[in-house]
Structures are given as structure tokens and as C-alpha cells.
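Participant: Numbering (the numbering used here), first residue to last: 19 to 318. Note that CB positions come from ideal geometry on N, CA and C, so glycine has one too. Quick caveat: nothing in here was measured; it's all calculated off a predicted structure. Quick one: the structure is below, questions incoming.
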Amino acid sequence: FDDCGLVIQAENTRFRVSRDFLAAHSAVFQDMLSIPVPADAETREGCPVVRLPDNIADVIVLLKALLYYESHGFFEPPPAQTSFQIIVGVLRMSHKYEVDALRKRALAHLSALHPTTLHDWEYMDDDSCEWLQKVLDEEGGIPLIILARQLSLDWILPAAFYRVCKHAQADRIIQDPNMHTEDKIHCVSAARVFETRDNAWVLDFLWSPTHIDGCAAARVCPKLRLERRRDAEERRAVWLKVPVKLPLDIWAGMIGMTCIGARESGIHQAAKQRFWNSLPSQFGLPSWVDLEALKAEAFQ
Numbered sequence: 019f020d021d022c023g024l025v026i027q028a029e030n031t032r033f034r035v036s037r038d039f040l041a042a043h044s045a046v047f048q049d050m051l052s053i054p055v056p057a058d059a060e061t062r063e064g065c066p067v068v069r070l071p072d073n074i075a076d077v078i079v080l081l082k083a084l085l086y087y088e089s090h091g092f093f094e095p096p097p098a099q100t101s102f103q104i105i106v107g108v109l110r111m112s113h114k115y116e117v118d119a120l121r122k123r124a125l126a127h128l129s130a131l132h133p134t135t136l137h138d139w140e141y142m143d144d145d146s147c148e149w150l151q152k153v154l155d156e157e158g159g160i161p162l163i164i165l166a167r168q169l170s171l172d173w174i175l176p177a178a179f180y181r182v183c184k185h186a187q188a189d190r191i192i193q194d195p196n197m198h199t200e201d202k203i204h205c206v207s208a209a210r211v212f213e214t215r216d217n218a219w220v221l222d223f224l225w226s227p228t229h230i231d232g233c234a235a236a237r238v239c240p241k242l243r244l245e246r247r248r249d250a251e252e253r254r255a256v257w258l259k260v261p262v263k264l265p266l267d268i269w270a271g272m273i274g275m276t277c278i279g280a281r282e283s284g285i286h287q288a289a290k291q292r293f294w295n296s297l298p299s300q301f302g303l304p305s306w307v308d309l310e311a312l313k314a315e316a317f318q
């Protein structure tokens with residue numbers, strides 16, 4: 019840039035940048051730099067110095083996301099890989115300094131993995147997302163709830179809470195120093211309900227003793243369904259290590275009989291939809307309709 023006439027300092031690090039470039043992307047910097055520079059203002063190499071109160075890691079992430087996006091592919095939209103630390107840094111800084119393009123890009127990374135419909139949840143490829151798997155493996159997904167609460171991203175909370183119930187042991191939830199007490203209570207109590215009552219809901223179709231029209235194995239079908247029920251019950255045993263099997267995934271990969279695949283899977287799907295519809299209320303959140311309205315507002 020021709021006008022690298024601004025020095026930004028965060029902690030003990032200085033950056034010499036284009037003031038016009040920053041002003042073009044950030045409403046806050048635009049207002050800040052429109053103020054005339056006092057005669058006694060701090061300078062470095064003849065350039066005015068702006069001291070930021072932010073931590074150095076967040077400032078580096080913000081500047082890289084602005085300057086290296088096109089030339090180096092830094093922080094591209096999903097499904098491009100990134101890290102949770104980068105998403106958090108971009109979200110914090112873009113929110114604070116009103117960099118709308120970066121804020122929406124960061125929200126897109128979160129929203130892609132926290133859908134608001136059952137259809138999108140079932141067709142989501144979250145297993146291939148390295149940053150999400152790392153957060154789940156190392157911290158049980160709890161940082162996602164903390165981030166959502168800090169920035170009022172309520173629409174990602176149902177899916178985030180569900181993952182914490184699946185991946186975090188109760189003692190880890192209770193002992194986390196940054197999680198709100200009310201959220202801890204919701205998580206621990208919901209996990210018990212998911213593992214018992216709600217798992218039973220979505221597996222209820224396996225109890226039917228009646229013949230299913232069109233079943234290719236009518237004579238042995240009841241016996242096979244009971245065997246599958248037993249298999250599913252073993253998968254949901256609460257004494258198993260995390261991740262535990264909860265209503266949205268307890269039957270995943272187990273459909274292997276024609277009768278279940280043809281007709282009864284509709285019963286199972288309806289039970290999962292009923293569970294999905296109730297998910298926000300389990301954590302004291304508004305309905306999906308209200309959450310989707312909040313999501314739409316955030317992306318405006």
C-alpha cells in the first residue's frame with residue numbers, strides 16, 4: 019500500500035499498516051482515523067501510533083484475515099479448514115471493530131456446524147471438521163457454549179449443548195470455571211433425559227411385535243428387531259466412555275433390515291423430529307423459529 023502511515027500497537031508489538039485500508043473495512047477505525055491528529059500525538063517513524071487494548075493474538079488474526087485473505091487464502095469461508103482460536107479471534111475483533119465481512123465469515127464457520135433443522139444436522143459432515151473435533155476431544159465442546167453466550171449467538175446453542183451432553187462427562191461440565199451455573203445445570207440434567215427417556219423414544223419402533231407389510235423377512239422380523247433393540251441399548255449404556263450415544267445418533271449405521279428401512283424408519287424419523295423440535299426447550303432457549311430469526315438478523 020502507498021499509504022502505510024499508521025502504526026498500531028498491541029501489547030509490545032507494533033504493526034505499520036494502511037490507514038485507508040483499515041478505514042475502508044472497519045467502521046470503528048474509520049471514525050477513529052477521521053479525528054484530526056493532535057500536534058503532541060505519539061508517533062513512530064513519523065506515523066501516528068494507535069494503541070489497542072486487545073491481546074496480540076487477536077490483533078494478528080484480524081490483520082491477517084483482512085490482508086492475507088486473497089493473497090494467502092487466510093480464513094476462507096467454509097468448508098475451508100481453520101482453527102477454533104482463529105474463529106474466536108476474528109469474531110471478537112470483527113464484532114468490536116465492526117468489520118462486517120469478517121464477522122459474517124466467522125459466523126458462517128460456526129453456523130455450518132450448528133444447524134437449525136434436523137435435515138441439515140443429518141447431512142452435515144462434522145466429522146471432517148478438524149477444529150470442531152479438536153474442541154470436542156480436548157474440552158468436550160464447552161468453549162462453544164461459552165463463546166455463544168459471550169456474543170449472543172443463541173441459534174448455535176442447541177446443537178452446541180447437545181454435543182457437550184454427548185462428549186463431556188458430568189464432572190468436567192460441573193468443574194468448568196467459565197461456564198454459567200445455569201448452563202451447567204441444563205447440560206447435566208438434559209444429558210440424563212437424553213440417555214434414558216429420549217433414547218427410548220427414538221428406539222420405540224423396535225418394540226413392535228406386529229408384521230410389517232412388504233417385509234422381506236416377515237417370519238424373523240420381530241426377532242431381528244428385538245436383537246437390534248438389544249444392540250442399541252448396549253450402545254447407549256451410560257457407563258461407556260464419551261462420546262455416548264444420544265437420540266440423534268443412537269441408531270446411526272444400524273439400519274440393516276428391509277422392513278425397518280422401508281416403513282418403520284418413518285416412525286423412527288418422526289421420533290427424531292419430535293426430539294429435535296424439543297431440543298431448544300431442554301436448555302431454556304427460545305423455539306427454533308425464534309432462533310432462526312436471530313440467525314437471519316445476525317447475517318444481515
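When DSSP labels each residue in this structure, what does T100 get in the three-state scheme?
Facilitator: Residue mapping note: residue 100 aligns to position 82 of the sequence shown, counting from 1. Coil, per DSSP.
Participant: Pick from F293, A178 and Y86: whose alpha carbon is nearest that of P133?
Facilitator: Residue numbering aside, residue 133 sits at position 115 when the sequence shown is read from its first letter. Minimum Cα distance to P133 is reached at A178.
Participant: What residue range is occupied by the uninterrupted beta strand (DSSP E) comprising R215?
Facilitator: For the purposes of this step, residue 215 is taken as the residue at position 197 of the sequence shown. Element bounds for R215: n/a, residue is neither H nor E.
Participant: When you compare only the Cα positions, how much space is there between T61 and R37?
Facilitator: Taking the sequence shown and counting its residues from 1, one reaches residue 61 at position 43. Taking the sequence shown and counting its residues from 1, one reaches residue 37 at position 19. Roughly 14 Å between the two C-alpha positions.
Participant: Grab the span of the alpha helix (DSSP H) containing I163 for me, first residue to last.
Facilitator: Residue numbering aside, residue 163 sits at position 145 when the sequence shown is read from its first letter. Note, I163: alpha helix (DSSP H), I160 to Q168.
Participant: Using only the alpha-carbon positions, how far apart do F293 and Y180 sit?
Facilitator: Within the sequence shown, residue 293 is the residue found at index 275, counting from 1. Within the sequence shown, residue 180 is the residue found at index 162, counting from 1. Using only the alpha carbons, I get a separation of about 11 Å.
Participant: In terms of residues, what are the limits of the alpha helix (DSSP H) holding F47?
Facilitator: In the sequence shown, the residue the question calls residue 47 occupies position 29. From DSSP, the alpha helix (DSSP H) with F47 extends over A45 to L51.
Participant: Any contact of the region 215-224 with the region 187-200, i.e. 3+ C-beta pairs under 8 Å?
Facilitator: Touching, no.
Participant: Report the rounded CA-to-CA distance for D145 versus Q151, giving the unit in angstroms.
Facilitator: Sequence index remark: in the sequence shown, residue 145 carries index 127 (1-based). Sequence index remark: in the sequence shown, residue 151 carries index 133 (1-based). Distance between the alpha carbons of D145 and Q151 is about 7 Å.
Participant: When DSSP labels each residue in this structure, what does C22 get in the three-state scheme?
Facilitator: The residue given as residue 22 occupies position 4 in the sequence shown. Coil.
Participant: Considering only C-alpha positions, which residue in the set N295, F301, F47 and V77 is nearest to V307?
Facilitator: One-based indexing of the sequence shown puts residue 307 at position 289. Minimum Cα distance to V307 is reached at N295.
Participant: Please state if the CB of L81 and the CB of F33 are separated by a distance shorter than 8 Å.
Facilitator: Residue mapping note: residue 33 aligns to position 15 of the sequence shown, counting from 1. Residue mapping note: residue 81 aligns to position 63 of the sequence shown, counting from 1. Cβ atoms of F33 and L81: closer than 8 Å.
Participant: Is it a yes or a no for the region 116-127 touching the region 93-106, going by three-plus beta-carbon pairs under 8 Å?
Facilitator: Yes, since at least three Cβ pairs between the region 116-127 and the region 93-106 fall closer than 8 Å, the two stretches touch.
Participant: Checking 8 Å against the spacing of the C-beta atoms, do C183 and A166 come in under that value?
Facilitator: Within the sequence shown, the letter at position 165 stands for residue 183. Within the sequence shown, the letter at position 148 stands for residue 166. No.
Participant: Give the single residue among Q287, V262, A186 and L169 whose Cα lies nearest to the Cα of F223.
Facilitator: In the sequence shown, counting from the first residue as 1, residue 223 sits at position 205. Among Q287, V262, A186 and L169, the Cα nearest to that of F223 is on Q287.
Participant: By the DSSP assignment, the alpha helix (DSSP H) with P176 in it spans what residues?
Facilitator: On the sequence shown, residue 176 is found 158 positions in, with the first residue counted as 1. Unbroken alpha helix (DSSP H) run through P176: L175 to H185.
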